[in-house]
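Just so we're aligned: the sequence shown equals residues 114 to 336 in my numbering.
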Amino acid sequence: MTVNRVQVVENILNANDQVAQLNRQVLDQAGAFSINLMASPGAGKTSFILKTIQALRPEVNIGVVEGDTAPVTIDADKINAVGMPAVQINTGGECHLDAVMLKAGLQQLSLSEIDLLIVENVGNLICPAAFDLGTHINLLVASIPEGDDKPYKYPNIYRGLDVLVINKTDLLPYIDFRMDYFRQGVEMLNPGLTTFAVSCKTGEGIDAWADWLRGRLTAAKQV
């Protein structure tokens, strides 16, 4: 029984990876750099996306794919309200997006008009780590109120990251969050990981993040 279950999981992941590769090819052909943005519920994913849009517009055209377990358009509506295209994907209760879902979302966007695609995954620190969507980088938004032990409790998602954003730094004076302990856990799992400490409320750290992202966008266009 255990062997059969393992084989089924492997088959699911292999099939997903094949579609992810196709998604990446589609994005490359369109010249759209893409980010798989993951986080716990309430970490500030959508707020961070809005701050990123504010920092990069009008020089960068941004599109967003929003993933939610429920049939709502709350986050997509926020993106549309600032004049950027957004597609809402309802996962039907699944705790993560997968490559097939993203493929459907990509078909609803004019990718040739998009420089940067941000995929806001379902709020979860476990399932999204296992599924390659076909994006170019994986980014996690961690937040101060979640606590400083998350790298130790959810190591898999930290191991697969290209960028880490520590959000809600404005709350550090009010919450017992040991930054050194948190960073030690991250370094143990993903040495040298590019990390930004930001506050979407005060704007702290957003410029540094935006400058780094501009560099990645420029480099991607030169390939």
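Don't be surprised by glycine CBs; every beta carbon is placed ideally from N, CA and C.
If distances are taken between C-alpha atoms only, which option among the options comes closest to residue i?
i      : options                        : result
PHE295 : ASN136, ASP261, TRP322         : ASP261
VAL173 : ASP211, ASN251, LEU224         : LEU224
THR204 : ASN193, GLY218, ALA194         : GLY218
GLY155 : ASP324, THR248, GLY236, GLY180 : GLY236
LEU210 : ASN234, LEU284, ASP324, LYS164 : ASN234
ARG137 : THR248, ILE166, GLN167         : THR248
VAL195 : ALA143, GLY316, GLN167         : GLN167
Can you give me the C-alpha to C-alpha distance between residue i and residue j, rounded to a whole angstrom?
i      : j      : result
THR282 : TYR265 : 20 Å
ALA133 : VAL213 : 8 Å
LEU140 : THR186 : 24 Å
LEU302 : ASP190 : 36 Å
ILE175 : ASN129 : 25 Å
ILE227 : VAL178 : 12 Å
GLN242 : VAL232 : Going by the sequence as given, residue 242 is Ala instead of Gln. Going by the C-alpha atoms only, they are around 14 Å apart.
LEU286 : MET292 : As written in the sequence, residue 286 is Pro, which differs from the Leu given in the question. Rounded to the nearest angstrom, the two C-alpha atoms are 12 Å apart.
ALA332 : PHE146 : 10 Å
ARG272 : ASN127 : 20 Å
LYS158 : GLU259 : 13 Å
SER312 : ILE270 : 22 Å
ALA321 : GLY328 : 11 Å
ASN280 : ILE125 : 33 Å
LEU274 : GLU300 : 12 Å
GLU207 : LYS216 : 16 Å
PHE161 : ILE250 : 16 Å
PHE290 : LYS314 : 18 Å
ASN338 : PRO268 : Given a span of 114 to 336 for the chain in the structure shown, any question on residue 338 remains unanswerable.
GLN142 : LEU135 : 11 Å
THR165 : PRO171 : 11 Å
LEU284 : LEU163 : 20 Å
GLY316 : CYS240 : 30 Å
ASP181 : PRO198 : 17 Å
Taking the Cβ atom as the reference point for each residue, do residue i and residue j lie within a distance shorter than 8 Å?
i      : j      : result
PHE309 : GLY298 : no
ALA306 : LEU277 : Note that residue 306 is Leu in the sequence shown, not Ala. Cβ atoms of LEU306 and LEU277: closer than 8 Å.
VAL200 : LEU222 : yes
LEU238 : ASN149 : no
VAL254 : ALA183 : no
GLY144 : LYS263 : no
Excluding sequence positions up to five away, which residues of its chain have a Cβ less than 6 Å from the Cβ of residue i?
i      : result
MET114 : With a pLDDT of only 42 at MET114, under 50, the local geometry of the prediction cannot be trusted, and the value read off the model is given with reservation. Nothing meets the Cβ criterion.
PHE244 : ASN129, HIS209, ASP211
VAL121 : Because VAL121 carries a pLDDT of 48, less than 50, the predicted location of this residue cannot be relied on, and no value is offered for it.
VAL116 : Low per-residue confidence applies at VAL116: pLDDT is 48, beneath 50, and the placement is therefore not dependable, though the value from the model is reported in the following sentence. Excluding sequence neighbours, VAL116 sits near nothing in its chain.
Does residue i come within less than 8 Å of chain D when only Cβ atoms are used?
i      : result
ASN234 : Among the chains in the structure shown there is no chain D, since it carries only a single protein chain.
For residue i, which residues in the same chain have their Cβ closer than 7 Å to its Cβ, ignoring the five residues on either side in sequence?
i      : result
ILE288 : ILE257, PRO258
Identify, in the order they occur along the chain, each residue of the same chain with its Cβ nearer than 8 Å to the Cβ of residue i, setting aside the five sequence neighbours on each side.
i      : result
LEU169 : ILE175, LEU229, ALA323, LEU326, ARG327
Considering only residues of the region 167-249, which uninterrupted alpha helix (DSSP H) runs meet the minimum length of 4 residues and lie entirely inside it, listed in chain order? 187-194, 212-219
Quick one: which unbroken alpha helix (DSSP H) runs of 4-plus residues sit fully inside the region 263-326? Chain order, please. 263-266, 268-272, 292-302
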